[in-house]
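S.K.: Each residue of the sequence shown is one higher than the last, beginning at 896 in this note's numbering.
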Amino acid sequence: MKTQTLNVENMKCMGCAQTVKDRLQDLEGVQAVHVDLNTHTAQITYDLDSLTLEALNASLQGTPYKVSEA
Numbered sequence: 896m897k898t899q900t901l902n903v904e905n906m907k908c909m910g911c912a913q914t915v916k917d918r919l920q921d922l923e924g925v926q927a928v929h930v931d932l933n934t935h936t937a938q939i940t941y942d943l944d945s946l947t948l949e950a951l952n953a954s955l956q957g958t959p960y961k962v963s964e965a
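Structure below.
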């Protein structure tokens, strides 16, 4: 398993943080997501080598949020 911390753009409230968490948790291979509104980051634990930044951002399509490497 791997854990990665990502920056999250445009996250402004707890509702935003919950949306990001819900969307990222729905991805195959994601085991856990912790979103920190204060630091605008998401810590993701996953077990698939194929999980890419592009796949993470695709899960956020239709929202104002975007993740990038921290």
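Every residue, glycine too, gets a C-beta built ideally from N, C-alpha and C.
By Cβ distance, which residues of its chain are closer than 7 Å to Ser965, with the 5 residues on each side in sequence left out?
M.R.: Taking the sequence shown and counting its residues from 1, one reaches residue 965 at position 70. Reading the sequence as shown, one finds Ala at residue 965 and not Ser. Closer than 7 Å at Cβ, skipping near neighbours: Thr900, Leu901, Asn902 and Thr936.
S.K.: In this structure, does DSSP put Asp944 in helix, strand or coil?
M.R.: What you label residue 944 is simply residue 49 of the sequence shown in a count that begins at 1. If DSSP states are grouped into helix, strand and coil, Asp944 belongs with coil.
S.K.: CB Asp921 to CB Ser963, shorter than 9 Å?
M.R.: By 1-based counting over the sequence shown, the position of residue 921 is 26. By 1-based counting over the sequence shown, the position of residue 963 is 68. No, the Cβ-Cβ distance between Asp921 and Ser963 is not below 9 Å.
S.K.: What residue range does the beta strand (DSSP E) around Gln899 cover?
M.R.: Sequence index remark: in the sequence shown, residue 899 carries index 4 (1-based). Where Gln899 is concerned, the enclosing beta strand (DSSP E) stretches over Lys897 to Glu904.
S.K.: Can you give me the Cβ contacts of Lys961 inside the same chain, cut-off strictly under 8 Å, excluding the 5 residues immediately before and after it?
M.R.: By 1-based counting over the sequence shown, the position of residue 961 is 66. Taken in chain order, the residues that qualify are Val903, Glu904, Asn905, Asn952 and Leu955.
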